[in-house]
Ligand SMILES: Nc1ncnc2c1ncn2[C@@H]1O[C@H](COP(=O)(O)OP(=O)(O)O)[C@@H](O)[C@H]1O
Ligand code: SF4
Ligand SMILES: [Mg+2]
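Numbering (my numbering), first residue to last: 2 to 329.
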């Protein structure tokens, strides 16, 4: 990949575990939730990079780190070659404007007491003091048209007067007004009715083409990855287990966890044939992740080494990476 627009290097986020007062007194050891535990990936300009994996594997935390909404425990995020965690003042403000997030829940991400016009205009009010009211109004109307809402019809409304799909369109319009280069979309359609999901996905893809946006698209749904992704990474308990071009990973998955996600048959029956891989049990806790390969308690291929040694992530074919002892 030539000069990726975004480069994530060994990124980590450990949250201190909040415990009861007595528990804290009794135990001296501080415990951490290892939400993101040393992940690296590159995102090419104009591409859609998907982060996939079950709930709790660290996708949202990764998004928040990339947007510098929270500080990392370790690691770097380079945007156009610049380490975003080192930025201050004007430079930070500029990068913040160039990277925008679309959240999962359109019911919570819009201020219920603000009218749609003010919601979409707010980033301009804060960041573009150079613009007149008329100029801002024009940008807001254009953004609402871009997301296929009728500005005249919605500007004076409050979020509760809109449907879930319309609210998510408003959230997208708000993300667009500062002319970002990168959009981080965190499960943007998972709270919406299945019937309107495709229209929002299509809208995102159209906007991506129109404005040559780069997108980090987070989802637990591999059908969505297939629909809009260029490249993807599969996460498990804070780690990337497999990564590569979407067609490559989904058509020729090599990691047992990816294979299980794709075959999608969580039936705890060990007598089933090996072809249909079964994931047994629950996702373990990221507070005390299993030693060795984190997937070993659920992996049908786990061997002795898997319980002891953490597999390194290796390139098995051009651009296709996997972290599993079966391929070392
Ligand atoms: N602010 C926080 N404080 C403590 N733990 C957190 C915090 N945010 C997320 N976590 C934990 O980190 C892990 C990863 O969470 P998250 O990034 O939200 O995963 P995903 O988006 O893949 O569902 C989970 O175990 C979650 O409970
Ligand atoms: S390293 Fe071992 S336990 Fe982990 S996925 Fe590979 S075979 Fe399974
Ligand atoms: Mg999440």
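Just so it is clear, CB atoms sit at the ideal spot from N, CA and C, and this is done for glycine as well.
Every alpha helix (DSSP H) stretch that sits fully inside the region 94-143 and reaches 4 residues is listed by chain position as 117-128. For ligand 3, no non-hydrogen atom lies closer than 7 Å to the CB of residue 259. Put simply, the backbone Cα of residue 173 is about 40 Å away from that of residue 31. Burial state of residue 252 is exposed, judged by a 10 Å Cβ sphere holding fewer than 16 other Cβ atoms. In the DSSP assignment, residue 178 falls outside any alpha helix (DSSP H) and carries neither an H nor an E.
For residue 307, the CB stays at least 7 Å from every heavy atom of ligand 1.
DSSP places residue 258 in the uninterrupted alpha helix (DSSP H) bounded by 257-264.
Of all C-beta pairs linking the region 157-173 to the region 72-79, fewer than three are shorter than 8 Å, placing the two stretches out of contact. Here the region 118-129 makes no contact with the region 58-73; the two share fewer than three CB pairs at distances below 8 Å. In its chain, beyond the 5 residues on either side, 306, 307 and 312 have a beta carbon closer than 6 Å to the beta carbon of residue 326.
The secondary-structure analysis by DSSP pairs residue 64 with nothing; it has no beta-bridge partner. Around the beta carbon of residue 226, 16 or more other beta carbons lie within 10 angstroms, which makes this residue buried. Around the beta carbon of residue 199, fewer than 16 other beta carbons lie within 10 angstroms, which makes this residue exposed. Assigned with DSSP and collapsed to three states, residue 51 falls in strand. Taking C-alpha positions only, residue 42 is separated from residue 154 by approximately 42 Å.
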